[in-house]
Amino acid sequence: MKEFILLAAFICFGVAVLKLVGNRMRSTAQGSPAAGNREPWRTVPAQEAAQMLEAEGTIVLDVRTQEEYDGGHIPGAVCLPVETLTDGDLSVLLPDKQAPVVVYCRTGHRSAQAAQVLSELGYANITDLAGGILAWNGEVVTD
Numbered sequence: 065m066k067e068f069i070l071l072a073a074f075i076c077f078g079v080a081v082l083k084l085v086g087n088r089m090r091s092t093a094q095g096s097p098a099a100g101n102r103e104p105w106r107t108v109p110a111q112e113a114a115q116m117l118e119a120e121g122t123i124v125l126d127v128r129t130q131e132e133y134d135g136g137h138i139p140g141a142v143c144l145p146v147e148t149l150t151d152g153d154l155s156v157l158l159p160d161k162q163a164p165v166v167v168y169c170r171t172g173h174r175s176a177q178a179a180q181v182l183s184e185l186g187y188a189n190i191t192d193l194a195g196g197i198l199a200w201n202g203e204v205v206t207d
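Letter 142 of the sequence shown, counting from 1, is numbered 206 in the numbering used here, and no numbers are missing.
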């Protein structure tokens, strides 16, 4: 009898776990806010990022290496390699932690890392360019 009760409890627990997982997967697929992006920044496609760059006060950070930046970057972007974000005082370059900041790299991996670091440093309005500069259809300069 004890084995039967233990088995029944185990099955009930399993059903509850499966139901919970199913609900989370369903709400993620539907895009519900509860299951939405857990990162404290947004990731947007190039077209939306381009509109953001037109807004006054938007800071554009290219978090690739200096060599990659020199090979071509979004106009107005500042080169700040992701590896250097914690090396010094960012308040000189980014004094307003509420200012809109768009970060990008080559493909989006390093810019996601940079967005995480910036959010941990207290920056609140961070946007990551999905797909990086490879997804960018706008102007690229080599100044």
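Glycine included, every Cβ here is placed at the ideal spot set by N, Cα and C.
These figures come from a predicted structure and were not determined experimentally.
Coarse secondary structure for residue i, derived from DSSP in three states
| i | result |
| --- | --- |
| Thr-148 | helix |
| Leu-185 | coil |
| Val-142 | strand |
Environment of residue i [buried if 16+ CB atoms lie within 10 Å]
| i | result |
| --- | --- |
| Thr-150 | exposed |
| Leu-185 | exposed |
Whole-angstrom distance between residue j and residue i, CA atom to CA atom
| i | j | result |
| --- | --- | --- |
| Ala-72 | Glu-103 | Reliability fails at Ala-72, whose pLDDT of 48 lies under 50, so the model's placement of it is uncertain and the value that follows must be treated cautiously. Ala-72 and Glu-103: Cα-Cα distance of roughly 39 Å. |
| Leu-154 | Thr-191 | 17 Å |
| Tyr-187 | Gly-196 | 20 Å |
Beta-bridge partners of residue i, as assigned by DSSP
| i | result |
| --- | --- |
| Val-156 | Its beta-bridge partners do not exist; DSSP assigns none. |
| Val-205 | His-137 |
| Arg-106 | Thr-191 |
For residue j and residue i, believed in contact at Cβ under 8 Å, the rounded distance
| i | j | result |
| --- | --- | --- |
| Ala-178 | Val-127 | 4 Å |
| Ile-138 | Gly-202 | 7 Å |
| Val-165 | Ala-113 | With a Cβ gap of about 12 Å, Val-165 and Ala-113 do not count as contacting. |
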